[in-house]
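Taking it in order: structure first as structure tokens, then the write-up.
There are 2 protein chains.
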Amino acid sequence: MNPVRNPYKKILYVAYVATSIDGRIAQNNHSGTDWTSKEDWNFFQQSLKKIDAVIVGHATFKVAESRLRRRNAIVITSKVHRPKTEARTVFFNPRTSNLKNFLRKKHYKTVAILGGSQIYDYCLRHNMLDEFYVTVEPYVFTAGVPMFQGGKFKKYKFSLVLVKKLNKSGTLLLKYKYGN
Amino acid sequence: MNPVRNPYKKILYVAYVATSIDGRIAQNNHSGTDWTSKEDWNFFQQSLKKIDAVIVGHATFKVAESRLRRRNAIVITSKVHRPKTEARTVFFNPRTSNLKNFLRKKHYKTVAILGGSQIYDYCLRHNMLDEFYVTVEPYVFTAGVPMFQGGKFKKYKFSLVLVKKLNKSGTLLLKYKYGN
Numbered sequence: 000m001n002p003v004r005n006p007y008k009k010i011l012y013v014a015y016v017a018t019s020i021d022g023r024i025a026q027n028n029h030s031g032t033d034w035t036s037k038e039d040w041n042f043f044q045q046s047l048k049k050i051d052a053v054i055v056g057h058a059t060f061k062v063a064e065s066r067l068r069r070r071n072a073i074v075i076t077s078k079v080h081r082p083k084t085e086a087r088t089v090f091f092n093p094r095t096s097n098l099k100n101f102l103r104k105k106h107y108k109t110v111a112i113l114g115g116s117q118i119y120d121y122c123l124r125h126n127m128l129d130e131f132y133v134t135v136e137p138y139v140f141t142a143g144v145p146m147f148q149g150g151k152f153k154k155y156k157f158s159l160v161l162v163k164k165l166n167k168s169g170t171l172l173l174k175y176k177y178g179n
Numbered sequence: 000m001n002p003v004r005n006p007y008k009k010i011l012y013v014a015y016v017a018t019s020i021d022g023r024i025a026q027n028n029h030s031g032t033d034w035t036s037k038e039d040w041n042f043f044q045q046s047l048k049k050i051d052a053v054i055v056g057h058a059t060f061k062v063a064e065s066r067l068r069r070r071n072a073i074v075i076t077s078k079v080h081r082p083k084t085e086a087r088t089v090f091f092n093p094r095t096s097n098l099k100n101f102l103r104k105k106h107y108k109t110v111a112i113l114g115g116s117q118i119y120d121y122c123l124r125h126n127m128l129d130e131f132y133v134t135v136e137p138y139v140f141t142a143g144v145p146m147f148q149g150g151k152f153k154k155y156k157f158s159l160v161l162v163k164k165l166n167k168s169g170t171l172l173l174k175y176k177y178g179n
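Going line by line, the protein sequences match chains S and U. Start counting the first sequence at 0; every next residue gets the next number (numbering that gives the first Met the number 0). Start counting the second sequence at 0; every next residue gets the next number (numbering that gives the first Met the number 0).
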């Protein structure tokens, strides 16, 4: 509103997740997602073309490091004190540095949140999750890593804006916006 | 196949669950679901008219006891050794009695699985989950009871057969069938 106090436009934070029907996103923190569909992969890769940077947790970074090194990637970690830059990758500790300020100073307009559970939770709690793409693959896992790993039960309200079947085997893409 | 060895028709097991986007079905094992929509409630009540009996866990039974006492309800519990009948309610320990045989002898055709997490898991593992209605309410909880509580990660494949928006606020009803 006030160009002197806030010279930066609001960043759009868009989270992407692929999940089982029962809300599990991986077998464990080090496993990849061999169960996601080709159609979801294509959607995801197309989507990433429109974003300026991605935020991931350290375990997620490790699972897909070579691909993520080719993007502007902010890797959330408690292992650095100050931001540590390696080419396009920045290792960042939001407890010791201001993440939102950092992203604004980079003049990013759209930032993608790619997980894992604790990163989705962190971003939701810190008002950094405006849009949420959820790909529901037609599996039940009964165990594994939950989509969000928060300490505290809270009702965050979303609005459903899109429902799309991605293929015949029953992969469903949902788009939500945060809020009413 | 052989009418002498199996005089009973296969029972249709239909599970119903209301979930948050992140796969949580309750705040804790003793809480109800005050966050589900009127439209889901109506769908659920209409659906129950077509079923012969319900299977619930003991905690779920306690949360909705007065309503469940009016149905043929099998309450799964480790606290009885033999089935214990109280009017239309049967307390049943599947470790000491054969649940499928019990249901067949009752000549039930359609049995609804109403949760909680451990009961959904038990039924899925024991081939007692043929159809699965999932109502996704537009919330993220970040914590709480997961939809399935299984000890072991496993890929159970489902097929999506129906997607229906139940209201304008974004409640989504999904119907899956077990298998390809």
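Virtual Cβ for every residue (Gly too), placed ideally from N, Cα, C. Keep in mind the model is a prediction, meaning the values are calculated, not measured.
Beta-carbon proximity of residue i to residue j, cut-off 8 Å
i	j	result
residue 58 of chain U	residue 115 of chain U	yes
residue 139 of chain U	residue 157 of chain S	yes
residue 108 of chain S	residue 24 of chain S	no
residue 51 of chain S	residue 110 of chain S	yes
residue 27 of chain S	residue 143 of chain S	yes
residue 171 of chain S	residue 164 of chain S	yes
residue 149 of chain S	residue 141 of chain U	yes
residue 70 of chain U	residue 53 of chain U	yes
residue 90 of chain S	residue 99 of chain S	no
residue 136 of chain U	residue 34 of chain U	yes
residue 92 of chain S	residue 80 of chain S	yes
residue 56 of chain S	residue 73 of chain S	no
residue 12 of chain S	residue 128 of chain S	yes
residue 15 of chain S	residue 36 of chain S	no
For residue i, the three-state DSSP class (helix, strand or coil)
i	result
residue 55 of chain S	strand
residue 123 of chain S	helix
residue 23 of chain S	strand
residue 159 of chain U	strand
residue 50 of chain U	coil
residue 37 of chain U	helix
residue 79 of chain U	coil
residue 91 of chain S	strand
residue 42 of chain S	helix
residue 164 of chain S	strand
residue 227 of chain S	This structure cannot settle anything about residue 227 of chain S, because the visible part of chain S is limited to 0 through 179.
residue 0 of chain S	With a pLDDT of 48 at residue 0 of chain S, under the threshold of 50, the modelled position of that residue is not reliable, and no figure is offered here.
Residue i, enclosing beta strand (DSSP E) - first and last residue
i	result
residue 85 of chain U	83 to 85
residue 174 of chain U	171 to 177
residue 11 of chain S	11 to 18
residue 111 of chain S	109 to 112
Nearest-angstrom Cβ-Cβ length linking residue i and residue j, presumed shorter than 8 Å
i	j	result
residue 133 of chain S	residue 177 of chain S	Contact doesn't hold; Cβ gap of about 13 Å is too wide.
residue 119 of chain S	residue 146 of chain S	7 Å
residue 62 of chain S	residue 106 of chain S	In fact, because the Cβ distance is near 29 Å, the residues do not count as touching under 8 Å.
residue 94 of chain U	residue 77 of chain U	7 Å
Endpoints, the alpha helix (DSSP H) within which residue i is located
i	result
residue 64 of chain S	64 to 67
residue 152 of chain S	Where residue 152 of chain S is concerned, there is no enclosing alpha helix (DSSP H), given that its DSSP letter is neither H nor E.
residue 101 of chain U	98 to 104
Local Cβ density within 10 Å of residue i, reported as buried at 16 or more and exposed below that
i	result
residue 102 of chain S	buried
residue 88 of chain U	buried
residue 123 of chain U	buried
residue 113 of chain U	buried
residue 85 of chain S	exposed
residue 161 of chain U	exposed
Short CB-CB distance (under 8 Å) between residue i and chain C
i	result
residue 40 of chain U	Reference to chain C is not applicable here, since the protein chains of this structure are S and U.
Any non-hydrogen atom of the ligand HEM closer than 7 Å to residue i Cβ
i	result
residue 175 of chain S	Although the ligand HEM was asked about, the structure shown includes no ligands whatsoever.
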